[in-house]
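Colleague: If you scroll down you'll find the structure; I have some questions about it.
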Amino acid sequence: MYYVGVDIGGKNVKMGIVDDFGKILSSMTYKTLPERGYDAILLEIIANINNLCEEAGLYMDDISGIGIGVPGICNSRVGLVMSCSNLNWKGVELANDIKNLTNKPCKVCNDANCAALGEQRFGSGRNYKNLVFITLGTGIGSGIIIDGKLFEGLGCAGAEAGHMGICVDGLQCDCGNKGCWESYASSSAFVRQTKEAVQKNPDSILAEVCKDGISGKSAFIAAKQGDKTAKKLIEKYIDYVTYGLIGLTNILHPQAFIVGGGIANEGAPLILPVKKKLNEYIDNNGFYPYVDVVGAKLGNNAGFLGAAALVM
Ligand SMILES: [Zn+2]
800 MYYVGVDIGG KNVKMGIVDD FGKILSSMTY KTLPERGYDA ILLEIIANIN
850 NLCEEAGLYM DDISGIGIGV PGICNSRVGL VMSCSNLNWK GVELANDIKN
900 LTNKPCKVCN DANCAALGEQ RFGSGRNYKN LVFITLGTGI GSGIIIDGKL
950 FEGLGCAGAE AGHMGICVDG LQCDCGNKGC WESYASSSAF VRQTKEAVQK
1000 NPDSILAEVC KDGISGKSAF IAAKQGDKTA KKLIEKYIDY VTYGLIGLTN
1050 ILHPQAFIVG GGIANEGAPL ILPVKKKLNE YIDNNGFYPY VDVVGAKLGN
1100 NAGFLGAAAL VM
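Start counting at 1 in the sequence shown, then tack on 799, and there's your number in this note's numbering.
The following block contains the structure:
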């Protein structure tokens, strides 16, 4: 059987045709251009499903269902996008509209939840039925899978680990609250922390590395050259990431955390110390068993692969 997965982002739409094993038969990426409005985006998706079918040597009749990930709050039970500020959508009946235009079953879900499902079915989470997927980006996206199924909370508005509070009267977050985990442990928080470290330590190797621009990679580059400022900065960031995982472990004790996002591409220098610290905590408290921490595997494809898995 074949399925279409669509990952609508604020900047790009990624979509593909996938089989039951997560094999991608055809895929494409194009600009979302949200300013053109809902109808235009919808019609282009339909046109591109046809294009992808043609490319894969399939007919529309071969497609069993369409799954869509959206970067906002979605009620996946009724296929409604409640609100999505990136696309300027509010209360759109996306699943119904796609169903009416294609005559195919359609499901809609939050994009981080889709990515979690994608990693669990076809990526780093394949050996686990209970996991939490975390993506360290502009904010922290997350998806929770319990017994192989997405856990979304009441009205599908839950599983937002990035807005878990870790500090009363902490840093101001876009959600209106203060001290949210993502204000400390997202990759944009890490870039902010890097900037602050450069200002305080203008003679460091880190400051030298950052002369041509600061990114999430800067500190890792400087640390490789033995820079103490960068090493301290990374250590603190690892604490912030681990702190959130400890909170989630106390609530859910999953088998694994799957960590994605640009900064997770640093791989071992980030993932291994986080895993070590988390399991030291678990060990000290006798909270067996250990929890695995692994890097995400599917990159930008996780979203549309997981979206396709919604209708499998
Ligand atoms: Zn928040």
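Cβ atoms here follow ideal geometry from the backbone N, Cα and C, with glycine treated the same way.
Determine the DSSP secondary structure at MET859, reduced to helix, strand or coil.
Modeller: MET859: helix per DSSP, three-state reduction.
Colleague: Within a Cβ cutoff of 6 Å, which residues of the same chain sit near ASP1091, ignoring the five residues on either side of it in sequence?
Modeller: Only ALA1055 meet the Cβ criterion.
Colleague: Taking C-beta to C-beta, are VAL907 and ALA984 nearer than 8 Å?
Modeller: Against a cut-off of 8 Å, the Cβ pair of ALA984 and VAL907 comes out as no contact.
Colleague: By alpha-carbon positions, which one of GLY1043, ILE823, MET814 and SER826 ends up nearest to SER941?
Modeller: Measuring from the Cα of SER941, the nearest candidate turns out to be GLY1043.
Colleague: Do you know whose CA, among ASN909, GLY952 and ASN895, lies nearest GLY808's CA?
Modeller: Nearest option by C-alpha distance: ASN909.
Colleague: Compute the minimum distance between the beta carbon of CYS979 and the heavy atoms of ligand 1, and state whether it is under 7 Å.
Modeller: Checking the Cβ of CYS979 against ligand 1 gives yes.
Colleague: Tell me whether GLU853 is buried or exposed, calling it buried when 16 or more other Cβ atoms sit within 10 Å of its Cβ.
Modeller: Classification of GLU853: exposed, given that the 10 Å Cβ count is below 16.
Colleague: For the alpha helix (DSSP H) that VAL1093 lies in, which residues bound it at each end?
Modeller: Taken as a continuous stretch (DSSP letters only), VAL1093 belongs to no alpha helix (DSSP H), being part of the beta strand (DSSP E) at 1091 to 1094.
Colleague: Can you tell me whether GLN919 is buried or exposed? The criterion is at least 16 other CB atoms within 10 Å of its CB, across all chains shown.
Modeller: Buried is the call here.
Colleague: Could you give the DSSP three-state label for VAL805: helix, strand or coil?
Modeller: Here VAL805 sits in strand by DSSP.
Colleague: Taking 8 Å as the cut-off, decide whether the C-beta atoms of GLY868 and VAL805 are in contact.
Modeller: Yes, they are a contact pair.
Colleague: Name, in chain order, the residues that DSSP records as bridge partners for ASP818.
Modeller: Its beta-bridge partners are TYR801.
Colleague: At which residue ranges does the segment 971 to 1013 contain complete alpha helix (DSSP H) runs of 4 or more residues, listed in the order of the chain?
Modeller: As far as the segment 971 to 1013 is concerned, its whole alpha helix (DSSP H) runs of at least 4 residues are 981 to 984, 986 to 999 and 1004 to 1008.
Colleague: If you run the structure through DSSP and keep just helix, strand and coil, what is ALA956?
Modeller: In this structure, ALA956 counts as coil in the three-state DSSP scheme.
Colleague: Under three-state DSSP, which class holds CYS852?
Modeller: DSSP places CYS852 in helix when its eight states are reduced to three.
Colleague: Just to check, is the beta-carbon of LYS962 closer than 7 Å to a non-hydrogen atom of ligand 1?
Modeller: It is worth fixing the name first, because residue 962 is His in this sequence and not Lys. Yes, since a heavy atom of ligand 1 falls inside the 7 Å radius drawn around the Cβ of HIS962.
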